[in-house]
Ligand code: SF4
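In this note's numbering, the protein residues as written are 23 to 360.
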């Protein structure tokens, strides 16, 4: 956004320029002012900027209920052919009720109520997954993303008969890992690389054989049209179009599992303050499973030995240092977690 001093400064330059030129009526004399403030990098300009749309049979918008993917939905309405565009949402069964309501309203407003909801065929959501695995996932054992998001998504892709482009709301500005991604690449880049040189990999990628067979007939690109956008850009577009998940205005910085097993101290405190019922739910699941929701290391050992939810909440409200730093690192190449 243009700062007020810059605005005043550039206006003064224009004014002095005009006064000295002696021609007060030539509109081009305000050029310095407009050059400084024209919307070349504004969110509106970014929104309408041309993007090389691949020639495919189906454009698939990955919608998560977060601010970036909500902006992507609006972007898709502007740039993609409606008859060849669809929207998908991977449901972990562990989103906030606020998010579910928001997703439904976006579905009605922008997707003709045709949102495709993908769920695991094996697990009835995060709690069922944790129950069957006898533990909750963690940063080092992030089987939640794999089982609840990546597997249902790839499973769905492999059932499609045409060439696809999957659109993600990833922005490079969000983290160093995201900045290293490309704006456009093959969705199955891992599987393609593995086929070329399996020695580079410690483990065979998911669905390797099925993907290899599918790729003989089809292709699947991944496109990230918001890659160079800033946070302010997406927030502005969302606010202007009333498409901001209400969780953001409650102070949450990210939207997704509610909470994510890797959320920050700040988010735990916020959740405990705003939604004690969710904490009670976690308490009851921990009791049933006999395992903690947050993994060891979430809370420094010097604070408590085992991170049971009540201790984690107590810690989140304390000044005690240590524990995980700041923000989530919940993401994969497939970007199914915000
Ligand atoms: S948001 Fe967190 S808990 Fe949910 S699937 Fe992603 S990593 Fe797992």
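We put the beta carbon where it would ideally sit given N, CA and C, even for glycine.
Everything numeric in this text was worked out from a predicted model, so none of it was measured.
{"Check": "Between the CA atoms of residue 189 and residue 330 - distance to the nearest angstrom", "Outcome": "38 Å"}
{"Check": "Residue 148 Cβ short of 7 Å to the ligand SF4 heavy atom set", "Outcome": "yes"}
{"Check": "Bridge partners - residue 107, DSSP secondary structure assignment", "Outcome": "81"}
{"Check": "Contact belief for residue 114 with residue 195 at Cβ below 8 Å, rounded distance in angstroms", "Outcome": "In fact, because the Cβ distance is near 25 Å, the residues do not count as touching under 8 Å."}
{"Check": "The ligand SF4 heavy atom lying under 7 Å from the CB of residue 311", "Outcome": "no"}
{"Check": "Option nearest residue 118 by Cα separation, candidates 300, 325 and 217", "Outcome": "300"}
{"Check": "According to DSSP, residues forming a beta bridge with residue 321", "Outcome": "DSSP output for residue 321 lists no bridge partner at all."}
{"Check": "Residue 319 beta carbon near the ligand SF4 (any heavy atom closer than 7 Å)", "Outcome": "no"}
{"Check": "Length at least 3, wholly inside the region 146–232: the beta strand (DSSP E) runs in chain order", "Outcome": "186–189 and 206–208"}
{"Check": "Contact the region 318–327 vs the region 296–310: 3+ CB pairs below 8 Å", "Outcome": "no"}
{"Check": "Buried versus exposed call for residue 235 [16 or more other C-beta atoms within 10 Å across all chains shown]", "Outcome": "exposed"}
{"Check": "For residue 293, the three-state DSSP class (helix, strand or coil)", "Outcome": "helix"}
{"Check": "CA-to-CA distance, residue 105 to residue 146, given in whole angstroms", "Outcome": "32 Å"}
{"Check": "Heavy atom of the ligand SF4 within 7 Å of residue 278 beta-carbon", "Outcome": "yes"}
{"Check": "Given 8 Å, three or more beta-carbon pairs between the region 304–312 and the region 135–142", "Outcome": "no"}
{"Check": "Span of the alpha helix (DSSP H), counted from its first residue to its last, around residue 243", "Outcome": "Taken as a continuous stretch (DSSP letters only), residue 243 belongs to no alpha helix (DSSP H), being part of the beta strand (DSSP E) at 242–245."}
{"Check": "Cut-off 6 Å between Cβ atoms - residues of its own chain near residue 342, not counting five sequence neighbours on either side", "Outcome": "325"}
{"Check": "Buried or exposed by the 16-neighbour rule on C-beta atoms within 10 Å, applied to residue 70", "Outcome": "exposed"}
{"Check": "Secondary structure of residue 331, DSSP reduced to three states", "Outcome": "helix"}
{"Check": "Chain D contact for residue 229 (CB, 8 Å cutoff)", "Outcome": "The structure shown contains no chain D; it is built from a single protein chain."}
{"Check": "For residue 75, three-class secondary structure by DSSP", "Outcome": "coil"}
{"Check": "Three-state secondary structure (DSSP) of residue 95", "Outcome": "helix"}
{"Check": "Member of 185, 184, 183 and 200 whose CA lies at the smallest distance from the CA of residue 191", "Outcome": "200"}
{"Check": "Pairwise C-alpha distance: residue 107 and residue 84", "Outcome": "11 Å"}
{"Check": "Which of helix, strand or coil DSSP assigns to residue 282", "Outcome": "coil"}
{"Check": "Whole-angstrom C-beta distance between residue 287 and residue 206, which should lie under 8 Å", "Outcome": "In fact, because the Cβ distance is near 36 Å, the residues do not count as touching under 8 Å."}
{"Check": "Helix, strand or coil at residue 326 according to DSSP, with G and I counted as helix", "Outcome": "coil"}
{"Check": "Residues bridged to residue 140 (per DSSP)", "Outcome": "112"}
{"Check": "When 317, 213 and 225 are compared against residue 241, the one with the closest alpha-carbon", "Outcome": "213"}
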